[in-house]
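Undergrad:
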Amino acid sequence: MSPIRVVVMGPPGVGKGTYAQAIAARFRVPHISTGELLRREISASTELGLKARSFVERGVLVPDEIVNEVLCKHLSSEECRSGYVLDGYPRTLAQAVFLETIAPVDVAVLLEAPLEVIVERISGRLYCPSCGRVYHARWRPPTVEGICDSCGAPLVRRRDDDPSVVATRFKQFYEASSEVVKFYMRLGKLLVFDASVDSSIGIPLLLKKIEERLSARPHTEAARPGQAA
Ligand code: AMP
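According to my numbering, the sequence shown is numbered sequentially starting from 533.
1. Flag Thr566 as yes when its Cβ comes closer than 6 Å to any non-hydrogen atom of the ligand AMP, and as no otherwise.
2. Would you list the one or two residues that DSSP bridges to Leu658?
3. Can you tell me which residues form a DSSP beta bridge with Tyr616?
4. Nearest-angstrom Cα distance between Arg701 and Leu603?
5. Please check the pair Val546 and Arg623, which I expect to be a contact at CB under 8 Å, by giving their CB distance rounded to whole angstroms.
6. Are there three or more Cβ pairs, one per stretch, closer than 8 Å when the segment 559-566 is compared with the segment 610-621?
7. Over what stretch of residues does the beta strand (DSSP E) that includes Leu723 continue unbroken?
8. Can you name the start and end residues of the alpha helix (DSSP H) that Leu739 belongs to?
9. Grab the span of the alpha helix (DSSP H) containing Val594 for me, first residue to last.
10. For Ser575, I'd like the list of residues in its chain whose CB is within less than 8 Å of its CB, leaving aside the five on either flank, ordered along the chain.
11. Please name the residue or residues paired with Val641 in a DSSP beta bridge.
12. Below 8 Å, can you find three or more Cβ-Cβ pairs linking the segment 712-730 to the segment 641-659?
In structure tokens form, the structure reads like this:
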């Protein structure tokens, strides 16, 4: 079985994390969010974290060299040997080209939803700074208000979920991603998916489409549910 490499793209709040986690669980590969990797580097005040901090806090893209370095550190680990699901990367054409040269992706998923749906999802989002778990005040509340179910840490709103920063990130996504989307379209790897439905309906539909794409790969077949890749 060759590695399964999927990228999940979409504007902030479209549900990238939720969909990416479901794809990762289905194919038993790690879910890698570059936003999360960067936030961890920042919390740990590493050299890369210190370089990335001001960009992340302003909601602007971290320069390609920094984010590529953070990502490469993770992709070279043993757990990524059977593949991965990338969430939030690539965001620029240069990143997409870089990724294609180090480890070509099988499917590039573009999640889409109208702006009203996205605003509703982002406005209630809560984040655990300790373990990274994401909640929604209305749709996925923690058992005890304001406390993480997994690790008991107090939940916070991400600084970059502030409405003014969200608007910057939204605009930036569409500006930066059009080249990336065209790049994957030209390669025949793009899968556009309407993520405005509830994820309990959307996830099985998307998984089926990805399985179809993977089984059409030359010389390979998609892993059966629950089977390690
Ligand atoms: P996210 O959690 O994916 O919304 O990312 C949060 C922030 O991390 C973004 O607003 C950027 O500042 C930074 N970031 C995450 N992934 C990338 C990337 N691939 N390229 C540049 N910056 C990124």
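Note that CB positions come from ideal geometry on N, CA and C, so glycine has one too.
TA: In terms of the structure at hand:
1. Position 34 of the sequence shown, counting from 1, holds the residue named residue 566. In this structure, Thr566 has its CB closer than 6 Å to one or more heavy atoms of the ligand AMP.
2. For the purposes of this step, residue 658 is taken as the residue at position 126 of the sequence shown. Leu658 is bridged to Tyr667.
3. Within the sequence shown, the letter at position 84 stands for residue 616. Within the DSSP secondary-structure output, Tyr616 pairs in a beta bridge with Arg537.
4. Residue mapping note: residue 701 aligns to position 169 of the sequence shown, counting from 1. Residue mapping note: residue 603 aligns to position 71 of the sequence shown, counting from 1. Distance between the alpha carbons of Arg701 and Leu603 is about 20 Å.
5. Mapped onto the sequence shown, residue 546 falls at position 14. Mapped onto the sequence shown, residue 623 falls at position 91. Here Val546 is actually not in contact with Arg623; their C-beta atoms are around 14 Å apart, not less than 8 Å.
6. Because the criterion of three Cβ pairs below 8 Å is met, the segment 559-566 and the segment 610-621 touch.
7. The sequence position of residue 723 within the sequence shown is 191, counting from 1. That run of the beta strand (DSSP E) goes 722-726.
8. Taking the sequence shown and counting its residues from 1, the one referred to as residue 739 is at position 207. From DSSP, the alpha helix (DSSP H) with Leu739 extends over 731-747.
9. Taking the sequence shown and counting its residues from 1, the one referred to as residue 594 is at position 62. Careful: Val594 lies outside any alpha helix (DSSP H) and carries neither H nor E.
10. Working through the sequence shown from its first residue, we reach residue 575 at position 43. Excluding residues up to 5 positions away in sequence, Gly581, Pro661 lie with their Cβ nearer than 8 Å to the Cβ of Ser575 in the same chain.
11. Here residue 641 refers to the residue found at position 109 of the sequence shown. Note: Val641 sits in a beta bridge opposite Val540, Leu723.
12. Segment contact: the segment 712-730 against the segment 641-659, three or more CB-CB distances shorter than 8 Å; contact assigned.
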